[in-house]
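Encoded as structure tokens, the structure appears first; notes follow it.
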Amino acid sequence: MDIDGAGASPLAGGRWPVLLAIVVLIAGLALTWLASRVLFDAEGERGRARLEEQASSTARQLQLAIDLSLASLHSARTYVEAGGPVEFAGFSRFVVSDAEGRNGLLALGLASRVPHRERAAFEQWLSAQRARTEYIFEETGHGVQRAVPYSPEYFPVRLLVSQQGDALQSGLDMNAVPARRDAIRSTLATGAPAALKARRADVWGIDGDLVIQAFERVNPAQDHVPDAGVGDGASVVIGIFSVGAIFRKVFDSARDDVQVAVFDLSSPAPEQRLFARNVEGDPRSAQEYVDRIPAGEPMAEKWFRFANRSWVMFMLPGPDDSLVPDPGLPLAGIVIGVLVTALLALYLFIALARGRQLSWLNRRLAGMQQDLLSEQVGAAMQRSLREQADAAARARSHFLQAASHDVRQPLHALGLYLNLLGERPQLSADRSFMARLRSAADGLQGLFDGLLDLGRLESGQLQPSPRGFDIAPLLQRLCDEGEALAQRRCLRLFRHIEPARVESDPLLLERVVRNLLVNALRYTESGWVALRCTVRNGRARVQVFDSGPGIARDARGHLFEPHVHDRHGGDGVGLGLAIVGQMCALLHHPVSVRSRAGRGSIFTVGLPLESRATAGAPEAAPLPGGQAGLAGCRLWLVEDDAKVRDATLRQLRNWQADVTVAASVADARSRFATGAPPDCIVLDQQLPDGLGIDLLREWRARSGVQLPALLMTGDTAPDADHARGEAGVVVLRKPVTALKLRSALNVLLAGSASPR
Numbered sequence: 021m022d023i024d025g026a027g028a029s030p031l032a033g034g035r036w037p038v039l040l041a042i043v044v045l046i047a048g049l050a051l052t053w054l055a056s057r058v059l060f061d062a063e064g065e066r067g068r069a070r071l072e073e074q075a076s077s078t079a080r081q082l083q084l085a086i087d088l089s090l091a092s093l094h095s096a097r098t099y100v101e102a103g104g105p106v107e108f109a110g111f112s113r114f115v116v117s118d119a120e121g122r123n124g125l126l127a128l129g130l131a132s133r134v135p136h137r138e139r140a141a142f143e144q145w146l147s148a149q150r151a152r153t154e155y156i157f158e159e160t161g162h163g164v165q166r167a168v169p170y171s172p173e174y175f176p177v178r179l180l181v182s183q184q185g186d187a188l189q190s191g192l193d194m195n196a197v198p199a200r201r202d203a204i205r206s207t208l209a210t211g212a213p214a215a216l217k218a219r220r221a222d223v224w225g226i227d228g229d230l231v232i233q234a235f236e237r238v239n240p241a242q243d244h245v246p247d248a249g250v251g252d253g254a255s256v257v258i259g260i261f262s263v264g265a266i267f268r269k270v271f272d273s274a275r276d277d278v279q280v281a282v283f284d285l286s287s288p289a290p291e292q293r294l295f296a297r298n299v300e301g302d303p304r305s306a307q308e309y310v311d312r313i314p315a316g317e318p319m320a321e322k323w324f325r326f327a328n329r330s331w332v333m334f335m336l337p338g339p340d341d342s343l344v345p346d347p348g349l350p351l352a353g354i355v356i357g358v359l360v361t362a363l364l365a366l367y368l369f370i371a372l373a374r375g376r377q378l379s380w381l382n383r384r385l386a387g388m389q390q391d392l393l394s395e396q397v398g399a400a401m402q403r404s405l406r407e408q409a410d411a412a413a414r415a416r417s418h419f420l421q422a423a424s425h426d427v428r429q430p431l432h433a434l435g436l437y438l439n440l441l442g443e444r445p446q447l448s449a450d451r452s453f454m455a456r457l458r459s460a461a462d463g464l465q466g467l468f469d470g471l472l473d474l475g476r477l478e479s480g481q482l483q484p485s486p487r488g489f490d491i492a493p494l495l496q497r498l499c500d501e502g503e504a505l506a507q508r509r510c511l512r513l514f515r516h517i518e519p520a521r522v523e524s525d526p527l528l529l530e531r532v533v534r535n536l537l538v539n540a541l542r543y544t545e546s547g548w549v550a551l552r553c554t555v556r557n558g559r560a561r562v563q564v565f566d567s568g569p570g571i572a573r574d575a576r577g578h579l580f581e582p583h584v585h586d587r588h589g590g591d592g593v594g595l596g597l598a599i600v601g602q603m604c605a606l607l608h609h610p611v612s613v614r615s616r617a618g619r620g621s622i623f624t625v626g627l628p629l630e631s632r633a634t635a636g637a638p639e640a641a642p643l644p645g646g647q648a649g650l651a652g653c654r655l656w657l658v659e660d661d662a663k664v665r666d667a668t669l670r671q672l673r674n675w676q677a678d679v680t681v682a683a684s685v686a687d688a689r690s691r692f693a694t695g696a697p698p699d700c701i702v703l704d705q706q707l708p709d710g711l712g713i714d715l716l717r718e719w720r721a722r723s724g725v726q727l728p729a730l731l732m733t734g735d736t737a738p739d740a741d742h743a744r745g746e747a748g749v750v751v752l753r754k755p756v757t758a759l760k761l762r763s764a765l766n767v768l769l770a771g772s773a774s775p776r
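For what it's worth, the working numbering labels the leading residue of the sequence shown as 21, then goes sequentially.
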């Protein structure tokens, strides 16, 4: 007792310093993090304020430069309205004097409205001014002049004086170009200046520079054009300006370490960019530029106008810009916090060193603690195993209940439909009724197939046979199959399939993709479903997209597990995705799902491309299509069940095949003892007096021919595959649909066409 009492005090005394040090350490780290965040945010706000101030100053300078340039239009309008005739010499002197201090002014001119009835008078006046025959003309895209065809009115240039570049000839119809016509109509209607979109310079300014044309109405009462043939005197002054010169004047004096971009929002998106400096890439529109800016990046946005056009400027700090928040102060806070943390860690180490004094007591208690821990671990493992067993039992019980419900539903509908068909045989001609009957049978068949496949997967009986093949035809065929279901559900089915040769088991892969595609079509109420195959980084990806309701986050982890409800919580047993998960695991193909509630889901299966070792392997022959593919084929059918034999015989003869029937091994030996061998044999595995595979081997040995055979069996035991490794034999497990039967026969007959 004294030993225990003496040991308790050092233990308690050594624990409290450690706990206190841990608390102080956590508090110090938390305060350091909070302080650094506050400092970073404050520095960021200061940087954004500096950026906003710089952008506002630059925007004011830009607007002032634009207003000074457009003032030349007002001056020219005042000159024209001042009175007296407007002659080229006087107007030229005015332009030269007014251009001083007008940055970006390239040319000024005057154009007047001429109705068609006064066209001849204007052209006579123009010819008299130029001392040669002149006419109102337009220029083609190649710069060729041609007379303007008839128009109710024209807007020919009377005169234009150019400061830089060529001068427009008098008589050029400004109304011939739709954009000019719209701008002239705008200024005539409002009296405010109107401008065209900026374009690359051709005859004015610096080559490759952007120029812009602007127009302003002249008061008709003040427009003096003696003997010009102008009826109502409506005129506009024309200004041609260098956008590049305006920008250079502003931005050459501004800081060159910021990122600046200017766009004309009145222009189409591909033609919006006017100016860019320190901008990465080649954004053509304002939206494209904004989309490239990372989230959280400081940005200033300023709007201004050029005449009637809306321009916007974006300014961002450059990589070495002082507008970028300075991390020095926050980093200093972090360094101080780390130092404090290091001191606390040192104190913690010293405190822990004191715990060595208690090691003698820990050795005394080690055996007792180990026994107690073993008992606790054993009890916990028993509880965990018991809980897992109970959960598995509950899941399997629920699975059986749901499967029973799903079996009863189509079986119930199938019984009612068959009874109704017996009472009213004429319903067999009703396509809608027969489609419903076939849908009920297909639903029951699909459920049985899913249960059988799941059992074979869980028992390890299903083994893949990977080989290299072209995946595109397989996916195209699945899309063609899904079109009918998509049309019935009023959905759009899209496909984008890149050619690719992959290495997989084509039959199992087809089942995986079909389950995903049918699952998407089934649970998408409206909208679309898409199947896409792409090749990236040496791997192929098959993806199924849908616009359905999506999958809840907590349900995605159990999506591919068996004995679980479907992905929307309905009453189904969810076999499709369980089979997808287990088949992909068997094929070593990763499968994943991404989903957003209300936005849809994306299922992705990764596939390896064909390796060099299998690149030369031959592919299966294409399947013959249509009923004519079995016409005239000689088939032997061996089936002991009368109903199955009759149904199979009717189906084969409906496909125009020549069928000979036997009910047992002895019956088959007597019926098929003589005569030429058939094209294919269809036989049951479990016959009353033997096995179908033994009968097939006997026939092959007797005839010396590798007769192609279709072996049907109802046995699902893992050791029941007696035909494994047998050449020219396809095994189908009952129940067998007509589609599966026809596909298997097509494969066998296509293979038998080659020399045997």
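Don't be surprised by glycine CBs; every beta carbon is placed ideally from N, CA and C. Please read all numbers here as calculations on a predicted model, not as lab measurements.
- Between Leu-541 and Leu-511, the CB-CB gap stays under 8 angstroms.
- In this structure, the beta-carbon distance from Val-270 to Ile-232 does not fall below 8 angstroms.
- Membership of Leu-294 in the beta strand (DSSP E) is indicated by the continuous run 293-297.
- Secondary structure in the region 124-182: the alpha helix (DSSP H) runs of 4 residues or longer, each lying completely within the stretch, are 139-150 in chain order.
- No Cβ-Cβ contact shorter than 8 angstroms links Ser-92 with Leu-130.
- Under the three-pair Cβ rule at 8 angstroms, the region 664-681 does not count as touching the region 615-624.
- A distance below 6 angstroms between beta-carbons, with the five flanking residues on each side excluded, links Lys-322 to the following residues of its chain, in chain order: Ala-75, Ala-79, Met-333.
- With distances taken between CA atoms, Val-555 lies nearest to Thr-624 out of Thr-624, Ile-204, Gln-144.
- Annotated three-state conformation of His-609 is coil, per DSSP.
- For Lys-754, no pairing in a beta bridge is given by DSSP.
- Here Leu-716 is near Ile-701, since their CB atoms are less than 8 angstroms apart.
- When the Cα atoms are used, Glu-101 and Ser-95 turn out to be separated by approximately 10 angstroms.
- Leaving aside the five residues that flank Leu-528 on each side, the residues in its chain whose CB is nearer than 8 angstroms to its CB run, in chain order, Leu-482, Pro-484, Met-603, Leu-606, Leu-607.
- By the C-beta criterion, the region 504-518 is judged to be in contact with the region 538-553, since at least 3 inter-stretch pairs fall below 8 angstroms.
- Thr-207: member of the alpha helix (DSSP H) spanning 198-210, first to last residue.
- Of the candidates Glu-154, Ile-204, Thr-153, the residue whose Cα lies closest to the Cα of Phe-175 is Ile-204.
- In the structure shown, the three-state DSSP call for Gly-710 is strand.
- Rounded to the nearest angstrom, the gap between the Cα atoms of Arg-497 and Leu-655 is 28 angstroms.
- The continuous stretches of beta strand (DSSP E) do not include Pro-493, which lies in the alpha helix (DSSP H) extending over residues 491-508.
- Rounded to whole angstroms, the gap between the alpha carbons of Leu-216 and Asn-328 is 9 angstroms.
- Under DSSP, Gln-408 takes part in no beta bridge, so it has no partner.
- Going by DSSP, Leu-285 is part of no beta strand (DSSP E) at all; its letter is neither H nor E.
- Residue range 620-628 is occupied by the beta strand (DSSP E) that includes Gly-620.
- Three or more beta-carbon pairs drawn from the region 745-757 and the region 721-735 are found closer than 8 angstroms, and the two stretches are therefore classed as touching.
- Where Gly-259 is concerned, there is no enclosing alpha helix (DSSP H), although the beta strand (DSSP E) around it starts and stops at 255-262.
- Note on geometry: alpha-carbon atoms of Thr-694 and Gln-676 lie some 23 angstroms from one another.
- Shortest Cα-Cα distance from Leu-336 to any of Val-679, Val-256, Asn-382, Arg-70 involves Arg-70.
- Taking the Cα of Asp-709 as reference, the smallest distance to any Cα among Ala-683, Val-134, Pro-169 is reached at Ala-683.
- Where Gln-671 is concerned, the enclosing alpha helix (DSSP H) starts and stops at 662-674.
- In this structure Asp-687 does not touch Cys-653 by the C-beta definition: roughly 22 angstroms separates them, more than the 8 angstroms allowed.
- About 18 angstroms separates the CB atoms of Phe-326 and Ser-305; that is not less than 8 angstroms, and the two are not in contact.
- With contacts defined as CB atoms closer than 8 angstroms, Glu-143 and Glu-154 qualify as a contacting pair.
- Its Cα nearest to that of Leu-657, the residue Leu-761 stands out among Glu-630, Arg-614, Leu-761.
- Your pair Gly-626 and Arg-561 checks out as a contact, with CB atoms roughly 6 angstroms apart and the cut at 8 angstroms.
- Bridge partners of Ile-701 according to DSSP: Trp-656, Ala-729.
- Across the structure, Trp-331 and Val-310 are spaced so that their CA atoms are roughly 15 angstroms apart.
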